[in-house]
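Notes to accompany the following structure.
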Amino acid sequence: MKQKLLWLIFVLATAAQGAALDAGTSYPPELKPAKQEAQAAYLAAELLARYHYKATRVDGALSEKIFERYLKSIDSEKIFFVQSDIDRFSVDRATLGDAMLKEDLSVPFAIFNLYGHRAAERFAYARTLLRKGFDFQKVESYRYAREKESWPKTEEEMRELWRKRVKNDWLRLKLAGKDDKRIVELLDKRYDNSLKRIGRAKSADAFQAYMNAYTMSIEPHTNYLGPRAAEEFDISMRLSLVGIGAVLAGLDEYTTIRELVPGGPASLSGQLKIGDRIVGVAQGEKGAMTDVLGWRLDDTVRLIRGAADSVVVLDVLPADAGPDGKHKLVSLVRKTISLEQQAAKASVHSTTDGTTTRRVGVISLPSFYEDFAARQQGVRDYRSATRDVARLLDDLKKEKIDSVLIDLRNNGGGSLAEAIDLAGLFIDKGSVVQQRSASGEITVGSDTRAGVAWAGPLGVLINRASASASEIFAAAMQDYGRGLIIGEPSFGKGTVQSMIDLDRVAKNDKPKFGELKMTIAQFFRVNGGTTQLRGVQPDILFPAAIDAEIFGESSFDNALPWVQIKAADYSPVGDLKGLLPSLLARHEARVKKDKGFQYLQEDIAESRLQRAKNLVSLNETLRRKELDAQEARLKSRESRKDTGANARTDVDGKVPAAGKASALGDDGLQADERNLGNILEAEKARKNAKDVLLEEAVSILGDEVGLLHSRPTFAARVKPGSLVMPD
321 MKQKLLWLIF VLATAAQGAA LDAGTSYPPE LKPAKQEAQA AYLAAELLAR
371 YHYKATRVDG ALSEKIFERY LKSIDSEKIF FVQSDIDRFS VDRATLGDAM
421 LKEDLSVPFA IFNLYGHRAA ERFAYARTLL RKGFDFQKVE SYRYAREKES
471 WPKTEEEMRE LWRKRVKNDW LRLKLAGKDD KRIVELLDKR YDNSLKRIGR
521 AKSADAFQAY MNAYTMSIEP HTNYLGPRAA EEFDISMRLS LVGIGAVLAG
571 LDEYTTIREL VPGGPASLSG QLKIGDRIVG VAQGEKGAMT DVLGWRLDDT
621 VRLIRGAADS VVVLDVLPAD AGPDGKHKLV SLVRKTISLE QQAAKASVHS
671 TTDGTTTRRV GVISLPSFYE DFAARQQGVR DYRSATRDVA RLLDDLKKEK
721 IDSVLIDLRN NGGGSLAEAI DLAGLFIDKG SVVQQRSASG EITVGSDTRA
771 GVAWAGPLGV LINRASASAS EIFAAAMQDY GRGLIIGEPS FGKGTVQSMI
821 DLDRVAKNDK PKFGELKMTI AQFFRVNGGT TQLRGVQPDI LFPAAIDAEI
871 FGESSFDNAL PWVQIKAADY SPVGDLKGLL PSLLARHEAR VKKDKGFQYL
921 QEDIAESRLQ RAKNLVSLNE TLRRKELDAQ EARLKSRESR KDTGANARTD
971 VDGKVPAAGK ASALGDDGLQ ADERNLGNIL EAEKARKNAK DVLLEEAVSI
1021 LGDEVGLLHS RPTFAARVKP GSLVMPD
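Each residue of the sequence shown is one higher than the one before, counting from 321 in our numbering.
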């Protein structure tokens, strides 16, 4: 009780201090932990201490890690707290875990509340700077990435940091062509909206931030999901939800329709269009209308979703109406919506070698999704990644393709069972992955189905964001000699997680505790190695857009180590190593002539240089020179007639068409400040952009097909029926 009182006095004192700095500062309401949150924390701690792969009890050492990670999660750039705040927090850094086991969350909530007060003070101060303006002829710089910096020691140091931060915001808009009056309006509104967002924080936000600081202090891939986050995870796995069939975005305090799902209630009604703003939601024809203007997007979405075949009434401000325009009421019947955009998709690409054209079927798989509940209930046609890919393979075979490329770029994983089943589409029975539990017991996940869906040449395209189930599949194809692995080294996540429903453990009638995504095992390749830390190493390497120390398993300070176990019982179906020298030689010769590929390499090098520099000039003349040089470089690319890749590439290797380079320029705006039409146009341009990495992967597979046709002695080394050349 004494400790709680001290924290309360501290928070009130700092609030009073901030109020003295700016009498107009509006502070967010104080958040308090709910009883069920304290209970959920205790239950989670007990489960993690007993059943986690790296079972860890909450002691002083772990508490200190939780403390550091929690501060990092809420103020990662160190722009809100000053060193004196951290010093006062540090009194409890070694006792957070002990308090949690006593169902006491007062300290983490006090920290979160002070964060809200500090943020309110910083943004209020930022708004005062707009009235003064800046001298852009002064030579000074701003260090924009502050994660590795020290906490500002004093309020004066913090104010200087924010002066430069606001000056940079202003200069970016100025360089994008905005006049001073418009800049002040934009930034004042931006900082005001930031204050409002902070004010909308709930106890669930503070609790989830703290719980993930705890779980990830044990191991990077163990997470806590509150009831709402758990629901969203389930939706992402089954690729369906009950709603109106509209993709919504929070723009300028409005819940705005950014996309209508074909065949959904919203689209079929003919009463809604992109850009319409939802300002009210009622349940049923006679339900009371709830005003949602200024609400958090997730809260509005929760009101709009509901039971299948139930009625929801929307109060809509049309896209072409002003703030005081005429509203309309739209009544819709909720239906089950299939999220097809997040499902596997196929396309056919052609590559030419002399007078011969090869056709490569490309299947893009965003995740290893699976409707767990439907599968457990024995539903015959449950949704799954493997079923969708099998159907797409049937379609591609009708297109007379020569090879198949599975594009797993940015696929962060999903269902382990789906990774095994997907591998089974390309191997005829056999071990796919090994798992080792915390007790050391090793089990083997195998494909038990006879036959394959595709027996011809295969490639797998990966990047640094290909993780978990993606790595299991890619590693299996590599170990079996079944397919070429192309791209960047993968993420390096070699652990298995299980979803633990805390409400089921506690036998709660209604969901209130949330779920744990808990690491329970480590997976290993059939050859005995693991993808942990090292990831899957491609047979043909592409330029790495992201540094390993920034993103990937090796970027975590508490990742599990790389180890090796005994190989599983498996028999490779082929050996592609004999082809690699020829494939690499052709690849290297081709990319030397491919301007798009060269531009990608240049842009990656430039991006790394800027990250290492971590400084931006606040002098307008110098910034304009830098901007002019960059634009000249892009115009030089566009002026070349010998390439279809003529602008700046992005981290995925996308190159916009000529004239679209400006879509990738810095407009100085944040996402919710941009015009919806411009956002959608930029997304469309990116979608239609040339994908230099995909095209090169297709060309590599075309080369492979040609080499297999021309080298019968190599094809003879492959087991009969395991690698069949199409007619």
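The beta-carbon is built from N, C-alpha and C at its ideal position, and this holds for glycine as well.
For residue j and residue i, believed in contact at Cβ under 8 Å, the rounded distance
i, j, result
"S687", "V1025", "That pair is no contact at about 29 Å."
"L652", "S587", "Not quite, the Cβ-Cβ distance comes to about 10 Å (not below 8 Å), so this is no contact."
"G848", "A887", "4 Å"
Distance CB(residue i)-CB(residue j) smaller than 8 Å
i, j, result
"R854", "F811", "no"
"R679", "S670", "yes"
"K593", "A639", "yes"
"F871", "I806", "no"
"Y373", "Q842", "yes"
"D508", "L450", "yes"
"S560", "T676", "no"
"L725", "L1027", "no"
"T850", "E539", "no"
"L685", "A664", "yes"
"L617", "G834", "no"
Of the listed residues the options, nearest to residue i (C-alpha basis)
i, options, result
"A789", "I740, D619, R408", "I740"
"N730", "I866, R413, L351, E660", "I866"
"D418", "Q403, F387, G898", "F387"
"A710", "L736, A743, I406, Q697", "A743"
"G614", "I518, G674, T676", "I518"
"M819", "K494, S346, D554", "D554"
"H437", "Q457, D455, D405", "D405"
"S537", "L368, F454, P582, K398", "L368"
"K717", "L736, R953, W774", "W774"
"A414", "L434, Y534, R492, E467", "Y534"
"G732", "F793, A364, L880, L623", "F793"
"R931", "A529, R466, R824, Q457", "R466"
"T345", "T448, L904, S735", "T448"
"Q755", "S1019, G765, T610", "G765"
Euclidean distance between Cα positions of residue i and residue j
i, j, result
"A526", "A440", "16 Å"
"L1000", "L947", "25 Å"
"N966", "E958", "Low confidence applies here, because N966 scores a pLDDT of 41, under 50, leaving its location unreliable and the question unanswered by this model."
"E791", "A705", "15 Å"
"Y511", "K955", "35 Å"
"K1010", "A909", "20 Å"
"H541", "Y362", "20 Å"
"L571", "K392", "28 Å"
"V752", "D379", "38 Å"
"K398", "L778", "47 Å"
"S1030", "R953", "43 Å"
"F432", "E480", "24 Å"
"Q356", "M420", "13 Å"
"K606", "S937", "59 Å"
"Q528", "Q918", "44 Å"
"Y371", "V486", "48 Å"
"L351", "P881", "39 Å"
"I598", "Y347", "28 Å"
"K830", "W482", "45 Å"
"L515", "D992", "15 Å"
"A770", "I624", "46 Å"
"D923", "L929", "10 Å"
"A628", "R654", "5 Å"
"Y390", "A354", "19 Å"
For residue i, three-class secondary structure by DSSP
i, result
"L559", "coil"
"H282", "It is not possible to answer for residue 282, since the shown part of the chain is limited to 321 through 1047."
"R1006", "helix"
"A983", "No answer about A983 holds up, because its pLDDT of 41 lies below 50 and its placement is not dependable."
"E579", "strand"
"M478", "helix"
"D877", "coil"
"L568", "strand"
"V504", "helix"
"T850", "coil"
"G380", "helix"
"Y702", "coil"
"A977", "Confidence at A977 is low in this model, with a pLDDT of 49, below 50, so its placement is unreliable and the value that follows should be read with caution. Correct three-state label for A977: coil."
"S393", "helix"
"S1030", "helix"
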